[in-house]
Structures are given as structure tokens and as C-alpha cells.
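The structure appears below as C-alpha cells.
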Amino acid sequence: MSSAPAGFSIYTAAGGTPTVLFDSGDGLPDTLARRPARPRARHFGFDAAGTYTVRFSVTGTLVGGGTSSSGSKQFTFQVLSS
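Now the structure itself:
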């Protein structure tokens, strides 16, 4: 994570049970290995209001061999207080 006022996480909630995929609170970087599958919903969790700037990179194995990478990409989220 590049900058944030508090913790940040990404999780799924299939069947109402959350499964944490990424959590800045337990140290970064985090990784997630997945096989090709149907798209699944991912939920973003922010521990406080403010501006969060995070970086992600994605690497995949090509069917014909080799890999392809997105390189590091930055995303900024503005979280408002309720």
C-alpha cells in the first residue's frame, strides 16, 4: 500500500461468510493464486475515512506458455465518513 489513514482489506462473502484475501493489517505484500474460473465478487474494506492509495500487479500464465504481467498499477480510493 502506498499510503492510507488506516487498514485496507479485500474479501469475498460467499454464503454470507467473509474470507479475507488481502489484509494490510497482517503485513504486505499479499498474494493470491487462482485458476481461471468464473468472475467472483470482491469486496473492499476500509478501516477509516480518508484517501487510500494502493498498488496491484497481476501476473498470469499464458495457455501457449510463458507469462504476462500488468506491471504495478496504482489505484486511489476516497472513503467518506458516514
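Residues in the sequence shown are numbered consecutively from 1397, following the numbering used here. Beta carbons are placed, not taken as given, at the ideal position from N, Cα and C, and that holds for glycine.
Beta-carbon contacts of residue i that lie in its chain and below 8 Å, excluding the five residues immediately before and after
i	result
residue 1440	1404, 1405, 1406, 1473
residue 1467	1453
Inter-residue Cα distance where the pair is residue i and residue j
i	j	result
residue 1427	residue 1465	14 Å
residue 1454	residue 1433	15 Å
residue 1446	residue 1460	43 Å
residue 1478	residue 1469	29 Å
residue 1471	residue 1400	12 Å
residue 1429	residue 1462	16 Å
residue 1363	residue 1437	Residue 1363 lies beyond the residue range present for the chain, which begins at 1397 and ends at 1478; the question has no answer from this structure.
residue 1431	residue 1476	35 Å
residue 1448	residue 1435	25 Å
residue 1410	residue 1457	26 Å
Contact with chain D by residue i, beta-carbon distance below 8 Å
i	result
residue 1469	Here chain D cannot be found, since the structure has a single protein chain.
Counted within 10 angstroms of its Cβ, other Cβ atoms place residue i as buried (16 or more) or exposed
i	result
residue 1420	buried
residue 1418	buried
residue 1450	buried
Contacts around residue i, its chain only, beta-carbon distance under 7 Å, and the 5 residues preceding and following it disregarded
i	result
residue 1415	1407, 1408
Beta-carbon contacts of residue i that lie in its chain and below 6 Å, excluding the five residues immediately before and after
i	result
residue 1402	1443, 1444
Task: Unbroken stretches of the beta strand (DSSP E), 3 residues or longer, contained in the region 1403-1442 - done: The qualifying runs are 1404-1408, 1415-1419, 1439-1442.
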